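In the working numbering, the protein residues as written are 290 to 437.
All residues carry an ideal CB built from backbone N, CA and C; glycine is no exception.
Quick caveat, the model's predicted, so the values are computed rather than measured.
Below is one structure, written out as structure tokens; the observations come after it.
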């Protein structure tokens with residue numbers, strides 16, 4: 290009910306539907322089913338969905354046995370150039386890709402958006418009747434903008 294009252298007085302709500310996982314709980318950055326639940330929980334009757342911007346991350350997360358942290362597109366490219374020959378895997382339930390490799394003495398598992406995962410999220414936003422906000426312009430790979 291607070292959301293309904295606020296919706297009358299704001300232009301948009303930018304809903305942070307990313308950073309679902311963390312080094313203490315590694316996994317996908319923004320599972321697509323969780324993103325949908327977040328929107329529906331905020332506006333179950335879909336009265337103000339036109340004011341919701343569903344957040345899309347254009348960065349990834351690199352998990353190692355030492356912890357982990359965010360990884361930007363340029364850093365991902367450098368790591369992949371260093372290791373070469375690795376293949377991406379896909380988690381259907383999360384709608385996210387990840388890659389695993391070992392370098393510098395550490396095993397890495399990197400979750401990173403792809404054109405496919407971004408397209409799935411754009412379709413979800415359309416189905417839910419919400420817009421999107423991107424965190425953050427310049428952190429991803431240039432070809433991500435081809436979908437917008």
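Residues in the same chain with beta-carbon distance under 8 Å from residue i, minus the five sequence neighbours each way, listed in chain order, please.
i: residue 285; result: This structure cannot settle anything about residue 285, because the visible part of the chain is limited to 290 through 437.
Rounded to the nearest angstrom, how far is the Cβ of residue i from that of residue j, given a contact under 8 Å?
i: residue 301; j: residue 340; result: 5 Å
i: residue 347; j: residue 433; result: 6 Å
i: residue 342; j: residue 410; result: At roughly 12 Å, the Cβ-Cβ gap does not stay under 8 Å, so residue 342 and residue 410 are not in contact.
i: residue 400; j: residue 379; result: Wrong, their Cβ atoms sit about 11 Å apart, outside the cutoff.
i: residue 406; j: residue 385; result: 5 Å
i: residue 436; j: residue 413; result: Their Cβ separation, rounded to whole angstroms, is 13 Å, which puts residue 436 and residue 413 out of contact at 8 Å.
Using a Cβ-Cβ cut-off of 7 Å (strictly less than) and excluding sequence neighbours within five positions of residue i, which residues of its own chain qualify?
i: residue 383; result: 317, 320 and 321
i: residue 296; result: 337 and 340
What residue from the options has the CA that sits closest to residue i's CA?
i: residue 417; options: 380, 331 and 430; result: 331
i: residue 431; options: 400, 363 and 389; result: 363
i: residue 306; options: 324, 335, 291 and 421; result: 324
i: residue 420; options: 398, 328 and 365; result: 328
Can you tell me which residues form a DSSP beta bridge with residue i?
i: residue 334; result: Per DSSP, none; premise fails for residue 334.
i: residue 379; result: 386
Which residues in the same chain have their Cβ closer than 6 Å to the Cβ of residue i, if we skip the five residues on either side of it in sequence?
i: residue 389; result: 398
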